[in-house]
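>
2 protein chains.
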Amino acid sequence: MTRLYNNPDDFTHEMIDGFVAASSRWVRRVPGGVARATRGSEPSVAVVIGGGSGHYPAFGGLVGPGLAHGAAMGNLFASPSAQQVVGVAHAAHEGRGVLLTYGNYAGDVLHFGRAQELLREAGIDCRTVLVTDDVWSAPPERVEERRGIAGDLVVFKIAAAAAEEGRDLDTVEALARRANAQTRSFGVAFGGCTMPGSDEPLFDVPAGRMAVGLGIHGEPGIDEVEVPTAEGLAQMFVAKLLEEIPEGLQVDGARVVPLLNGLGSVKYEELYVVYRSIARLLGEAGIVAVSPQVGEFCTSFDMPGASLTLLWLDDELERLWHAPCDTPAFRQGAMPPRASVVDDEDHAVEDDVPDASDASRRAASAVCRALEVAAARLSEAADELGRLDRVAGDGDHGIGMQRGSRAAAAAAQDARSRGAGAGTTLLRAGDAWSDGGGGTSGAIWGEMLRAFGASVGDERPLEAEALAVGMIAVRDAVMSFGKARPGDKTMIDAIVPFADTLTARLRDADPCRTAWLAAVDAADAGAASTAHMTARLGRAKTHGDKSLGTPDPGAISFAMVAASITPTIEEND
Amino acid sequence: MTRLYNNPDDFTHEMIDGFVAASSRWVRRVPGGVARATRGSEPSVAVVIGGGSGHYPAFGGLVGPGLAHGAAMGNLFASPSAQQVVGVAHAAHEGRGVLLTYGNYAGDVLHFGRAQELLREAGIDCRTVLVTDDVWSAPPERVEERRGIAGDLVVFKIAAAAAEEGRDLDTVEALARRANAQTRSFGVAFGGCTMPGSDEPLFDVPAGRMAVGLGIHGEPGIDEVEVPTAEGLAQMFVAKLLEEIPEGLQVDGARVVPLLNGLGSVKYEELYVVYRSIARLLGEAGIVAVSPQVGEFCTSFDMPGASLTLLWLDDELERLWHAPCDTPAFRQGAMPPRASVVDDEDHAVEDDVPDASDASRRAASAVCRALEVAAARLSEAADELGRLDRVAGDGDHGIGMQRGSRAAAAAAQDARSRGAGAGTTLLRAGDAWSDGGGGTSGAIWGEMLRAFGASVGDERPLEAEALAVGMIAVRDAVMSFGKARPGDKTMIDAIVPFADTLTARLRDADPCRTAWLAAVDAADAGAASTAHMTARLGRAKTHGDKSLGTPDPGAISFAMVAASITPTIEEND
């Protein structure tokens, strides 16, 4: 469990402060995360990585010469927001384009995807390579759905070494893609980890048992077996990974980098006992182990678990793997000293609010009240939502919604106090929600508030028609952003009936409050209809009957917010 | 807890196999541990480190260019034997002398001390610098009694950097001593770790509590408090370490290397949150933090705990600290590639046994029987002895005695089967006991068997007079080796009355068996008299009333062995 913290809400920020204080030789703090503190003699393609925090050395610990140029550092186990990624990418960019590369998780894909759009809009050539090394998370024919785990490091290293050689963005992207295609991982865990300030672990594994194929945030494994011997685990790892040889390669005579990763409290001595068997088994298969890595490369706080990654080499990948690098947590070879970056850019946040009508300023006050009420309700329900999410997801929905809504309420209050109208207040609140909440839900709530804000603007009052048009904008934004459809058993199943009901009732000239109450009923029914999703997807095998009948937490929390703010909706007739 | 192992007895050997397989770029296996796999262009003083296993990266992970030349790797939490240290030192020696440097623990001091004698006898100039950084383990006026914890790395690094610069042994020794004098550490723990194959942790800390000043093997702390916040822990660390400024230094303007060490399952994110406060507190005191180190440098399996070390710099220490190094677990700066060592030395173990009389060969059989019986009794009692040792020590006495006696019985059987007399059989058994058992008790039992063997020789039969003379030799060897006196509440208090009674009775012409039984009674009484030791020394404050009335485990196990082998002692009258 996590024992050392101050206010749990401040954990990530304080962690980054301490990390930067200890690592200033390698990194400097930039908006959204860290970037290299030094610059090479020639500009290169910038390799920007990132993800949720709690996986040290992933991701900040992998920034430095020969490895990443910058890392967007999200909240604990939650994706960084698009704004964070953009902030880091701007700081890291050297004029030759940006490669975004990160593990394949829904939240990260949403935020980094949005960031890529924003960077392209700003004229920066930007590409994405997702890391999909976890063989257990989807079958070989759906390899693009696989999660990224400790293979992250391998893909980052190859991409960064290519950038370091001065290759162009096309080449860096192609090599990163090849590294990912030739990288496979397999993980197990003996128990969960406990987040700062929480009493319960994110998940449990019964004593003496081992969850097989479990994700690094505690995403459900696909099987549960007795804890094997060290030799037994090595056999399981190697046998599974040798089932899938990258195209065009032969096992006999192959050269691979084995990376045996401890997730937190499976320690070095145990890893070496396991590695002893892995080395023998690879040798028996005719494989040459090149530059073996045994240690902690992608952790999950103090989760007791381990994973094996194999990078299948060709001559070019082998040269790039061996290239020197120097970061806070991963160093190899001789990397000559470099000049420090003089940080002369102005990172001050835009502070002005646009002009607004008095009516819109009054509406901004109503927005603030609604956000305060929603934040209070979500704080109260955080544990309950977390438990719900633990059935099928990684258990962070409650804390993510709590953080996001609090941040949104504070940002709205701040904007309103400086005279903002409803549109700007909603836009600022949306940015803050996605920044503060992180994860998929943070991204979607950020998009919803921003879409509503853009639709409402800073002039018109927030009357029935504005509410109706705004809700349509929200619904469309979420469907285009999240790419889910009604019936997929996601929060869409609550949002769409809510928006449709509200709009229809308002256009029928129902009073706002009456229309709202009807829409809340529709959202509730929609949320209830998402139950059984996890059983249908078959993703919660190790969690027993808890998964049956459990509705989607995002749908539930949407309905919960909608209901909670009913008292702030004015009657107008 | 430790989950991944095969046969727990094989853990250390298998761990070293895996470590060497993964780390062949840096280390090669040599008798007793590992030595560098590469050699510099000029010979240098060899810095040889070591200690028990279970503390990775200490000690094998710190071997490589710019750091240690070799590491003697003992069993789990048990000192390597003198033979192991000698083996590593021979492999590491480059003709310019050897510096032995290691943490100050009784077992290590015995074995490394004996190794120093043996190396000097072999004509190698050999010096020792003990690391004594743990401020809680003894007051400032008895600094030489302090334990070594994470300060190990600091002292090793300075000594090795000086050796790398080509300094002579006098200078390397003096700099290591200065580094130790300017290094202070302070550790805490939230719980214990569980050894491979064991069900119980070595010690417990109640939930929500923190043991203050606890040693890295679970040696009792001096206080127990509630788990503080990260800020609170940083304040505690810094305040305590600033109480003792090395002579001649001023706090204001001082330059220090802070090393914040996780003991196993307090993870990087938590350490960075704590480091954030440490950086601020050092700054407020006017101290400049140089090259901060945050990570795992000296662990205790997955023990949840942390320590802070401060190295107070002067210009020379700062230059040496910054020198490059390249090891499996600690790398900094640019270390140019080096040539590999071609390992052409013959490490085969001497396999001949000297000639022996038939009478002595018969006596060797009696020795084998006695050792088998003793080993069986100690296996049976291992848990009980472990529990006893956990009150005041690190809980490894039971497992150490079990391993040592088994190894001794096997070595004796092997020697006897090849025609050895009693003397050689006892000498080989002694070597095996200290090698296989490790720790203080392994060293002492090794010495006892060797002293007895040297006294008995391979000619004379093992009759009453030989037994009497042999026991005097055993008694004297133990007293000279262990430096304890009767009444110090150690195993001496059982051995001395046993030897004196046995000798007196035999010289009074009592039959062997009668004399032996009387000696066993004397040993029992002596062992009982060692109770209350821990209370008297005040070392077991956190362990409550368990410490009162607990006898010395070494004295108890000696009396136990003596009693168990009674049936193998022949009646001769």
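Top line first, the protein sequences correspond to chains Z and P. Each residue of the first sequence is one higher than the last, beginning at 1 in the UniProt record's numbering. Each residue of the second sequence is one higher than the last, beginning at 1 in the UniProt record's numbering. Backbone N, C-alpha and C fix where the C-beta goes; we use that ideal spot for every residue, glycine too. Remember, predicted model here, so these are calculated numbers, not experimental data.
Would you mind sorting residue 574 (chain P) into buried or exposed? The rule is 16 or more other CB atoms within 10 Å of its CB.
Here chain P covers residues 1 to 573 and nothing more, so residue 574 (chain P) does not appear.
> Please classify Pro65 (chain P): is it buried, with 16 or more other beta-carbons within 10 angstroms of its beta-carbon, or exposed?
Pro65 (chain P) is buried by the Cβ-count criterion.
> Taking only the alpha-carbon atoms, compute the straight-line gap between Pro292 (chain Z) and Thr128 (chain Z) and give it to the nearest angstrom.
Using only the alpha carbons, I get a separation of about 28 Å.
> Got a sec: is the Cβ-Cβ distance from Met15 (chain P) to anything in chain Z below 8 Å?
Judged by the 8 Å Cβ criterion, Met15 (chain P) is in contact with chain Z.
> Quick one, which of P:Val30, P:Val143, P:Leu249, P:Pro567 has its alpha-carbon nearest Arg369 (chain P)'s?
Measuring from the Cα of Arg369 (chain P), the nearest candidate turns out to be P:Pro567.
> Could you name the residues of the same chain whose beta carbon sits closer than 6 Å to that of Gly215 (chain Z), not counting the 5 residues immediately before and after it, in chain order?
Correct list, in chain order: Arg147.
> Please name the residue in P:Ile158, P:Ser557, P:Thr171, P:Val88 whose C-alpha comes closest to that of Ser405 (chain P).
Taking only the C-alpha atoms, the option nearest Ser405 (chain P) is P:Ser557.
> With H, G and I counted as helix, E and B as strand and the rest as coil, what does DSSP make of Leu67 (chain Z)?
Correct three-state label for Leu67 (chain Z): coil.
> Less than 8 Å between the C-beta atoms of Ser53 (chain P) and Met15 (chain P), yes or no?
Result yes, Cβ atoms of Ser53 (chain P) and Met15 (chain P) sit closer than 8 Å.
> I want to see whether chain Z comes within less than 8 Å of Phe19 (chain P), judged by CB atoms only; does it?
Yes, Phe19 (chain P) counts as interfacial toward chain Z.
> Using Cβ-Cβ distances below 9 Å, what residues of the region 263 to 277 of chain Z are close to chain P?
Hits within the stretch, in order: Gly264, Ser265, Val266, Lys267, Tyr268, Glu269, Glu270, Leu271, Tyr272, Val273, Val274, Tyr275, Arg276, Ser277.
> Taking 6 Å as the limit between beta carbons, can you name the residues of its chain near Val34 (chain P), skipping five residues before and five after?
So the list reads Val27, Gly60, Val63, Ala71, once near-sequence residues are dropped.
> When DSSP labels each residue in this structure, what does Cys512 (chain P) get in the three-state scheme?
Of the three classes helix, strand and coil, the one that applies to Cys512 (chain P) here is helix, per DSSP.
> Grab the span of the beta strand (DSSP E) containing Asn180 (chain P) for me, first residue to last.
Note, Asn180 (chain P): premise wrong, no beta strand (DSSP E); alpha helix (DSSP H) at 169 to 181.
> Taking 6 Å as the limit between beta carbons, can you name the residues of its chain near Val349 (chain P), skipping five residues before and five after?
Any reading at Val349 (chain P) must be qualified, since the residue scores a pLDDT of 45, below 50, and its modelled position is unreliable; no value is offered.
> So, is the C-beta of Val288 (chain P) closer than 8 Å to a C-beta in chain Z?
Not an interface residue.
> Please state if the CB of Thr490 (chain P) and the CB of Asp552 (chain P) are separated by a distance shorter than 8 Å.
Taking 8 Å as the Cβ cut-off, Asp552 (chain P) and Thr490 (chain P) qualify as a contacting pair.
> Please name the residue, chosen from Z:Thr309, Z:Val353, Z:Asp168, that lies closest to Ala46 (chain Z) on a Cα-to-Cα basis.
The candidate whose alpha carbon is nearest that of Ala46 (chain Z) is Z:Asp168.
> Check for me: the beta strand (DSSP E) holding Pro551 (chain Z) runs from which residue to which?
From DSSP, Pro551 (chain Z) is part of no beta strand (DSSP E); its letter is neither H nor E.
> How would you list, in chain order, the residues of chain Z whose beta-carbon sits under 8 Å from the beta-carbon of Ser53 (chain P)?
Neighbours of Ser53 (chain P) on chain Z, chain order: Glu269.
> Who are the neighbours of Met335 (chain P) on chain Z, taking C-beta pairs under 9 Å?
Correct list: Gly333, Ala334.
> Rounded to whole angstroms, what is the Cα-Cα separation between Leu202 (chain Z) and Leu67 (chain Z)?
In a straight line, the C-alpha of Leu202 (chain Z) is about 31 Å away from that of Leu67 (chain Z).
> What are the start and end residues of the alpha helix (DSSP H) that includes Glu94 (chain P)?
Element bounds for Glu94 (chain P): n/a, residue is neither H nor E.
> Are Lys267 (chain Z) and Asp302 (chain P) closer than 8 Å when you measure CB to CB?
Yes; because the gap between Cβ atoms is below 8 Å, this pair is in contact.
> Give me the residue from P:Gly40, P:Ile444, P:Gly487, P:Glu465 with the minimum Cα distance to Val474 (chain P).
Per the Cα distances, P:Ile444.
> To the nearest angstrom, how far is it from the Cα of Asp510 (chain P) to the Cα of Ile565 (chain P)?
If I take the Cα positions, the gap works out to 18 Å.
> Find the residues of chain Z that neighbour Thr194 (chain P), judging by a C-beta separation of less than 8 Å, and give them in chain order.
Result: empty, since nearest Cβ-Cβ is about 11 Å, beyond 8 Å.
> Kindly indicate if chain P contains any beta-carbon less than 8 Å away from that of Tyr5 (chain Z).
At least one chain P Cβ lies under 8 Å of Tyr5 (chain Z).
> Can you name the residues that DSSP bridges to Gly305 (chain Z)?
According to DSSP, which records beta bridges pairwise, Gly305 (chain Z) is partnered with Z:Ala189.
> Hey, is the region 36 to 44 of chain P in contact with the region 229 to 242 of chain P, meaning 3+ C-beta pairs nearer than 8 Å?
The region 36 to 44 of chain P, when compared against the region 229 to 242 of chain P, does not touch it at the 8 Å Cβ threshold.
> In whole angstroms, what separates the C-alpha of Met560 (chain Z) from that of Arg377 (chain Z)?
Answer to the nearest angstrom: the Cα atoms are 8 Å apart.
> With burial defined as no fewer than 16 other Cβ atoms inside 10 Å of the residue's Cβ, what is the status of Ala374 (chain Z): buried or exposed?
Counting Cβ neighbours within 10 Å, Ala374 (chain Z) comes out buried, since at least 16 surround it.
> So, helix, strand or coil for Met210 (chain P), using DSSP?
Met210 (chain P) falls in the strand class under three-state DSSP.
> Looking at chain Z, which residues of the region 212 to 232 of chain P have a Cβ within less than 7 Å of any of its Cβ atoms?
If the cut-off is 7 Å between Cβ atoms, the region 212 to 232 of chain P has Val227, Thr229, Ala230, Glu231 near chain Z.
> Take Gly262 (chain P) as the anchor and find which of P:Glu270, P:Trp136, P:Glu447 has the nearest alpha-carbon.
Answer by Cα proximity: P:Glu270.
> Given a threshold of 16 other Cβ atoms within 10 Å of its Cβ, counted over all protein chains shown, does Ser547 (chain Z) qualify as buried or as exposed?
Any reading at Ser547 (chain Z) needs caution, since the residue's pLDDT is 46, under 50, leaving its predicted position unreliable; the model's value is listed next. Flag for Ser547 (chain Z) reads buried.
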